[in-house]
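Reading through the structure tokens given below for one structure.
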Amino acid sequence: MPAPKTEVVRLEKLSKHYVEGGQLRPILDAADATFCTGELVAIRGRSGTGKSTLLNLIAGIDEPDSGRIFVEGQCVTDLSARRRTEFRRDHIGFVFQFFNLIPTLTVYENVALPAELAGGAHARAVTTRALQLLEEVGLAARRDAFPDKLSGGEQQRVAIARALVCDPRLVLADEPTGNLDEANSQLVMDLLDRVTRRDGRSLLIVTHSRRVAALADRVFNITHGRLEPDAG
Amino acid sequence: MLTRTLLLTGVRDMQRRPVQLVLMLLGVALGVAVVVAIDLANTSASRGFALSAETIVGRATHQIRGNSGVVPEGIYRQLRTELGLRAAAPVISGTVLAPDLDGQPLRIMGIDPSAEAPFRNFLGTGGALPVDFTGFYTQPNSVVVPIGLAQRYGLTPGGQLRLLANDREVRVNVWAVLDPGTDGLRRALDGMLLMDVSTAQELLGMQGSLSYVDLIAAQPELLLLQKWLPATVRLAPATEQTKTIGNLADAFQLNLSALSLLALVVGMFLIYNTVMFSVVQRRAVLGTLRALGATGQQLFALVMLEAAVISAVGAAAGVGLGWVLGQSAVRLVTQTINDLYYVSTVRDAPLAAFTVAKGVLLGIGASLFAAALPAYEAARVAPVTAMRRSSLEDRVRGQIPLLSLIGALLIGCGAGVLFGVPTSLVAGFAGMFMIVLGAALLVPGTTLLLMHVAGFALGRIVGTLGRMAARSVSKSLSRTAVAIAALMVAVSVTLAVSIMTRSFRDTVINWLELTLSADLFITSSTGWSSPSAQISSLPRRSSAPPGRHPRCLPRCCPACARCLACKAWRPSAPQPLSASLARCAWQCLMRACSATGVCTALKPARRSRFGMRCRPAACW
Chain F
1 MPAPKTEVVR LEKLSKHYVE GGQLRPILDA ADATFCTGEL VAIRGRSGTG
51 KSTLLNLIAG IDEPDSGRIF VEGQCVTDLS ARRRTEFRRD HIGFVFQFFN
101 LIPTLTVYEN VALPAELAGG AHARAVTTRA LQLLEEVGLA ARRDAFPDKL
151 SGGEQQRVAI ARALVCDPRL VLADEPTGNL DEANSQLVMD LLDRVTRRDG
201 RSLLIVTHSR RVAALADRVF NITHGRLEPD AG
Chain Z
1 MLTRTLLLTG VRDMQRRPVQ LVLMLLGVAL GVAVVVAIDL ANTSASRGFA
51 LSAETIVGRA THQIRGNSGV VPEGIYRQLR TELGLRAAAP VISGTVLAPD
101 LDGQPLRIMG IDPSAEAPFR NFLGTGGALP VDFTGFYTQP NSVVVPIGLA
151 QRYGLTPGGQ LRLLANDREV RVNVWAVLDP GTDGLRRALD GMLLMDVSTA
201 QELLGMQGSL SYVDLIAAQP ELLLLQKWLP ATVRLAPATE QTKTIGNLAD
251 AFQLNLSALS LLALVVGMFL IYNTVMFSVV QRRAVLGTLR ALGATGQQLF
301 ALVMLEAAVI SAVGAAAGVG LGWVLGQSAV RLVTQTINDL YYVSTVRDAP
351 LAAFTVAKGV LLGIGASLFA AALPAYEAAR VAPVTAMRRS SLEDRVRGQI
401 PLLSLIGALL IGCGAGVLFG VPTSLVAGFA GMFMIVLGAA LLVPGTTLLL
451 MHVAGFALGR IVGTLGRMAA RSVSKSLSRT AVAIAALMVA VSVTLAVSIM
501 TRSFRDTVIN WLELTLSADL FITSSTGWSS PSAQISSLPR RSSAPPGRHP
551 RCLPRCCPAC ARCLACKAWR PSAPQPLSAS LARCAWQCLM RACSATGVCT
601 ALKPARRSRF GMRCRPAACW
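This is the structure we're talking about:
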């Protein structure tokens, strides 16, 4: 009998707008949703509908105008900026669309960075953990290379390893295959699927790709600022 | 707080941008170097003066000085014989040139060694003189040379030295080399020649006179002296003369300090520009670090630490560079002080701890101030905002109205201070700083406006590329505005100082032309017994040039149409003139006008058979 799924993310009446050239552009409009542990959820929508904004809000790297976000039972919107940063460091892994590797750090240093920032147990085990993850993503041999020497696919794999170094229960991926060719996209998705589901992590992934969405347990579309389950 | 990897991001970023790093270091170093150099020059000159003044005044409490500039030597004789004042010493002081010693000016101090002991340390205490002064009384033109001067130029007892005094060359004999014992006294006496009073009188043409008489006198003696001294001399505190000269020199040095602070303000803009550019460049990386778990406090500390390290290195280099520049600055300042105020023989500029501390603190302080704002902004905003470049530009544009308002207010306040308190240097500097800062704050708005116009114009002339060029400036306002402001401040300050010094120079030239109305000034270095007889013996012109009145000098005052020898014109009291004088004066005026080009707008108010009158308003 499968274990009951517990809630990992809950959104309550989440709203966000941007000001562009003096005009107010609403992105999210009282959006509600719940995501459970061990799920792979795909979030789709047309460009500009707020997919990336949603992930940024959940990760706490952007602030909503109203509404609340709960991650693993903690209301992150009620936290101070510093506490939000610390919570994100310990509980959430983020994979960016454009990799966002630190150009002046080597592959190993990029992967180890979040653990070092977290300190404590993460920092003590960082070397072992980082090398293990690099092995897993197939880049142990490139540990001393700088990001500008890597291909797009390799950089994204480093970013995935970085996102997992603090052993988060929730991984957010913002169009992780958006800048990759088909072969690398497949490679990255297989990797993400393997490392998240195997350890019971939840993965929220923003994507345009139907193929990626087909791997998901659930698919949501963002329409008119709200999250709606995908009919297909 | 700062992890090893976080520090590595900063270090490696600097390694990857060596040119930018060098520019940042150079910006800080130059700003600090200018302040240190001028501080060195000022401190050395004023220290030299203070040391010299203290040494020369010694323990004297008062001085007898002549109202005409000299004291008859009979007064000193009477002081000692009639009033019984033992603590009195005659002094002759003056300046000569030493052609054999690189033409430098030397101070002459004529003394009576037997009366010096109570007054000055360098001749020994308790009556023991370090040098045998017998030769002073027996050998003519004997001088004692201080050890510093002697060592520099290889002067030894028995040697001779050429001096130029009042355009007359005199050879003096080096009787002895004086080592006063302490470093301070050696520096104070450097550039001074000691000689007997009578030798100094002959050298400086002051036979029968003294420059002043030093006294150590208590109150009862002072009261007696005030009653006894004739009206041609006066009793003054010993430090009065040096204080007066010191005040004049203080004003000069204060202006130098103000200019060095102005250079620091310009330097601060340069430092701000380079440091802020560096932080803005890394804004996306800082945003990513925030997203990965670095707190705002950690990033703020990282940026400030980088700025502190770079500025510390730059400031250290600036202190070194400032010391090198200071050696030249000391020479220039000393030369100016020699020309204008007093003879100063300061040669080197040792680095005082206060100067070093001042330079380092200014350099580091300016850099930290420059880094603080962008660091705070990058640390405070949401990580996604920091990662997005467009958000920075949106924020900058959003702040333009406020910045422009503050800029306009600052300019208004600055102008108010400048015009409201015109005589205060501190207020003037504060007002000028407010105007400069206010103008800098107006730059973003002005740049937007000008680039809009430029884009339109360039688009018509060059096409899309032209519009791109203009728009790229306004789209990157966070960087371009600061660079434009820094350049604006540097150019405007340079221009302002050039205009100021040119204006001073023109004022002095105009004053000289007004004051020195003759073509030739004749003076005597030996003293004429009958000046008019000597002048009368000069050859005269036998006839005046055609059309020229024989009494008319070649140059007339061009603005007042006044023939100076003729005294033909008196604007306040015009007199009827003979036709020949009128013709002469008119020709003088035309000739002077064509020579100087001054009178193109000058028209006589009235022209008549009897004379002309110029309009005072057209003069000067």
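In order, the protein sequences belong to chains F and Z.
Under the working numbering, residues 1 to 232 are what the first sequence spells out, in order.
Under the working numbering, residues 1 to 620 are what the second sequence spells out, in order.
Positions of the beta carbon are idealized from the N, C-alpha and C atoms, including for glycine.
### Query
Terminal residues of the continuous alpha helix (DSSP H) containing F/PHE233?
Chain F is shown from 1 up to 232; residue 233 of chain F falls before or after that span and cannot be answered.
### Query
Given that Z/ASP13 touches chain F, what residues does it touch there, using C-beta distances under 7 Å?
THR104
### Query
What runs of the alpha helix (DSSP H), each 4 residues or longer, lie entirely inside the segment 302-367 of chain Z?
none
### Message
On the DSSP letters alone, give me the boundaries of the alpha helix (DSSP H) that F/ASN56 sits inside.
### Response
51-59
### Message
So the candidates are Z/GLY27, Z/GLN15 and Z/GLN63; which of them puts its Cα closest to the Cα of Z/VAL319?
### Response
Z/GLY27
### Message
Once the 5 residues before and after Z/PHE300 are set aside, which same chain residues still bring their CB inside 7 Å of it?
### Response
ALA375, TYR376 and ALA379
### Message
Distance check for Z/GLN281 and F/ALA42, CA to CA, integer angstroms please.
### Response
34 Å
### Task
In the DSSP assignment, find the alpha helix (DSSP H) that holds Z/GLN78 and state where it starts and stops.
73-81
### Beta-ladder partner(s) of Z/SER170, from DSSP
One detail in the question is off: residue 170 of chain Z reads as Val in this sequence, not Ser. Answer by DSSP bridge pairing, in chain order: Z/LEU163.
### Query
Excluding the five sequence neighbours on either side, which residues of its own chain have a C-beta within less than 8 Å of the C-beta of Z/SER492, listed in chain order?
VAL436 and ALA439
### Task
Give the residues from the segment 38-70 of chain F that approach chain Z closer than 8 Å (Cβ to any Cβ), ordered along the chain.
ASN56, ALA59, ILE61, ASP62 and GLU63
### Query
How about the segment 4-18 of chain Z and the segment 205-215 of chain F: do they share at least three Cβ pairs that are nearer than 8 Å?
no
### Task
Measure the C-alpha to C-alpha separation of Z/PHE504 and Z/LEU259 and round it to an integer number of angstroms.
15 Å
### Message
So, for F/ARG226: in the same chain, excluding its five sequence neighbours on each side, which residues have a beta-carbon less than 8 Å away from its beta-carbon?
### Response
LEU28, ASP29, ALA30, ALA31 and ASP32
### Task
Out of F/LEU134, F/GLY38, F/LEU55 and F/THR37, point me to the one whose CA is closest to F/ILE222's CA.
F/LEU55
### Message
Please state the DSSP three-state secondary structure of Z/GLN207.
### Response
coil
### Query
chain F beta carbons: is any one of them nearer than 9 Å to that of Z/LEU362?
no
### Task
Name, going along the chain, the residues of the segment 111-129 of chain F whose beta-carbon falls closer than 7 Å to a beta-carbon of chain Z.
ALA112, LEU113, PRO114, GLU116, LEU117 and ALA118
### Message
Against chain Z, with Cβ distances strictly below 9 Å, would F/ARG82 count as a contact?
### Response
yes
### Message
Shorter than 8 Å, the distance from the beta carbon of Z/ALA117 to the closest heavy atom of the ligand PLP, or not?
### Response
Among the ligands in the structure shown, none appear at all, so the ligand PLP cannot be discussed.
### Task
Flag this pair as touching only if the segment 170-179 of chain Z and the segment 134-151 of chain Z have three or more C-beta atom pairs under 8 Å; answer yes or no.
yes
### Message
Assuming the contact rule is C-beta atoms closer than 8 Å, Z/THR239 and Z/VAL36 should be a hit. Round their C-beta distance to whole Å, please.
### Response
31 Å between Cβ atoms; not a contact.
### Message
Is the beta carbon of F/VAL171 closer than 9 Å to that of F/VAL95?
### Response
yes
### Spatial distance of Z/LEU477 from F/PHE98 (CA atoms)
25 Å
#### Entry: Own chain residues within Cβ distance below 6 Å of Z/LEU21, not counting five before or after
MET14
### Task
Please list, in chain order, all residues of the same chain as Z/VAL279 whose beta carbon is under 7 Å from its beta carbon, the five residues on each side excluded.
VAL303, ALA371, PRO374, ALA375 and ALA378
#### Entry: Z/HIS62 versus Z/LEU83 - alpha carbon distance
16 Å
#### Entry: Chain-ordered neighbours of F/GLU109 on chain Z, where CB pairs are closer than 8 Å
THR5 and LEU8
### Message
With the cut-off set at 9 Å, would you say F/GLY45 and F/LYS51 are in Cβ contact?
### Response
yes
### Task
Could you pull out every residue in the same chain whose Cβ sits closer than 7 Å to the Cβ of Z/ILE509, ignoring the five residues on either side in sequence?
none
### Task
Could you check if Z/THR3 is buried or exposed, using at least 16 other CB atoms within 10 Å of its CB as the buried criterion?
buried
### Residues of the segment 289-316 of chain Z with Cβ closer than 9 Å to any Cβ of chain F, in chain order
LEU289, ARG290, ALA291, LEU292, GLY293, ALA294, THR295, GLY296, GLN297 and GLN298
### Query
Mind checking if Z/VAL497 is an interface residue toward chain F, Cβ cutoff 9 Å exclusive?
no
### Query
For F/GLU72, does the three-state DSSP call read helix, strand or coil?
coil
### Task
Assign Z/GLN201 to buried or exposed, taking buried as 16 or more other Cβ atoms, counted over all protein chains shown, within 10 Å of its Cβ.
buried
### Query
If you run the structure through DSSP and keep just helix, strand and coil, what is Z/GLU221?
helix
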